[in-house]
Amino acid sequence: MKIILQRLQINPKFLGLIFFFAYLDSIRSRVSPGQLVDWYILTPESAVFSLIQALVIFFILQFSFSWLQLSPQVSIPWKKSMFSFGKGLIIFLLVSNAFTMALALAFGTWERNYQTYIQLSGNISRILDFVIYGGFYLALLLFQQFKSHQRQLKDYEVALAQSKITHLKQQLNPHFLFNNLNILDQLIEENPKSASAFLHNFSELYRYSLKNSDCQLVTWQEELEFAESYFQLIAEKFGKAYEMKITLDNPQGKLPPLTLQLLIENAVFHNYGTVENPVKINLTLGERLTVSNTRIPFKNPRHKGGKGLANLREQYRILSSKPIFVSEENGLFSVSIPFIP
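If you count the sequence shown from 1, position 199 lands on 198 in numbering that gives the first Met the number 0, and the numbers rise without skipping.
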């Protein structure tokens, strides 16, 4: 039986449903108004015969529909499907009539069974059985094809999302490298000793960047540790012109790699801090990650940039259904990002 089920691409539950339907139908056909109800009505032999007949119909339909290749992107060829269904019906009628003829000849009941009205009634019944049980089987095949293609589409979407995230990270790594090499270049001219310390710290940070380049997410603890080390680089270059405060309020979840670094860098890049009037950067990790900074725009604003924040938005569009909020009011620029479970 297991081989038959595998061959027909059906499971025991579906077969049980067919038997249950056949059993109820046999009871219905035996009940008529005014007839006494007895145990014969509940006997299952008719349902067993109907189940065997249904299996024959399934085999014929599987052969008839073997050419179909269904796809979610392509409309189902109903005309060809109905042609194959009709072809299966003809094959079923030929097989079932040949079988009854063989039985009639074997048991000598030809004259009794092969009267015109009996044959007409029998073939109408066979047609109805084929349409009913064949309809069940066709619906099952179409459902299985649909589920299979849905799984393929889901696998494709996951692979595509992973590919996009990898591409976005490949954009961020050169961005991180280029900006910090610019700082290093300035330090070499201004303060060679600081440049040496900066280079050492930068190499450690870039190692972290490379290590997590294949990770979609990292823990908030890893990101925070990286952000603190990154801010040390900022302090090497700008001294106390930029200040950072961290507030922890029971954060839970993960973040894309380099998220905090990108937001801190964004605050430094777009604001002119001095020792007398420093840019204050606040990191708040609670239900969401919020990075805010006081706005002290340059007198001659730099180019808009914004590639890093746009990159982060795109990563979150793929990884989470929760949005990123960006606001600016009362001299405070703020970016609020959800944690990802």
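Where a beta carbon is used, it is the ideal one built from N, C-alpha and C, also for glycine. Given the structure is predicted, the values throughout are model-derived calculations rather than measurements.
Here R150 is exposed: its Cβ has fewer than 16 other Cβ atoms, across all protein chains shown, within 10 Å. About 25 Å separates the Cβ atoms of A226 and I187, ruling out a contact at the 8 Å cut-off. In the three-state scheme derived from DSSP, where H, G and I count as helix and E and B as strand, R294 is classed as coil.
Listed as beta-bridge partners of F324 by DSSP are S335.
Spanning the alpha carbons of I56 and I2 requires a straight line of approximately 17 Å.
Within the model, the alpha-carbon separation for R27 versus I131 is close to 15 Å.
In terms of Cβ geometry, L139 and F13 form a close pair [threshold 9 Å]. The beta-carbon separation of S95 and F64, rounded to 19 Å, does not stay under the 8 Å limit for a contact.
DSSP lists T218 and I339 as the bridge partner or partners of K253. Close CB contacts of A53 within its chain, under the 6 Å cut and outside five residues either way in sequence, are with I17 and Y132 (chain order). The three-state reading of DSSP puts N299 in coil, since its state is none of H, G, I, E or B.
By the criterion of a C-beta distance shorter than 6 Å, M243 is surrounded in its chain by F230 and I280, once the five residues flanking it on both sides are discounted. With respect to R29, S49 sits apart: the two C-beta atoms are not nearer than 9 Å. Annotation note: the region 109-142 contains the following uninterrupted alpha helix (DSSP H) runs of length 4 or greater, listed N- to C-terminal: 109-112.
For N10, there is no enclosing alpha helix (DSSP H), as DSSP marks it with neither H nor E. Contact check for S228 against L209 fails: the beta carbons are separated by 9 Å or more.
Taking a C-beta distance under 9 Å as the contact criterion, F297 and N270 qualify as a contact pair. Assigned with DSSP and collapsed to three states, Y271 falls in coil, not helix or strand. F135 has its alpha-carbon roughly 47 Å from the corresponding atom of R312. N281 is bridged by DSSP to K244 and S291. Excluding five sequence positions before and after S319, the CB atoms of its chain that fall closer than 7 Å to its own CB belong to P337 and I339, given in chain order.
Cβ atoms of L232 and N200 come within 8 Å of each other, at about 6 Å. DSSP, read as helix, strand or coil, puts G330 in coil. For F129, the number of other beta carbons within 10 angstroms of its own is at least 16, and it is reported as buried.
When the Cα atoms are used, E222 and L216 turn out to be separated by approximately 10 Å. When rounded, the separation of the alpha-carbon atoms in M100 and H148 is 44 Å. If you check the CB distance, V278 and N265 do not come in under 9 Å. Judged by their CB atoms, L259 and L282 are nearer to each other than the 9 Å cut-off. Contact between L88 and N122 is absent: CB atoms are separated by about 11 Å, not below the 8 Å threshold. The beta carbon of V325 sits closer than 6 Å to those of V334, all from its chain and outside the five residues before and after it, given in chain order. Note on N249: under 16 other CB atoms within 10 angstroms of its CB, so exposed under the neighbour-count rule. For I245, same chain residues with a beta-carbon under 6 Å away, outside a window of 5 residues either side, are L282 in chain order. Using a Cβ distance threshold of 9 Å, G238 and V274 count as a contacting pair.
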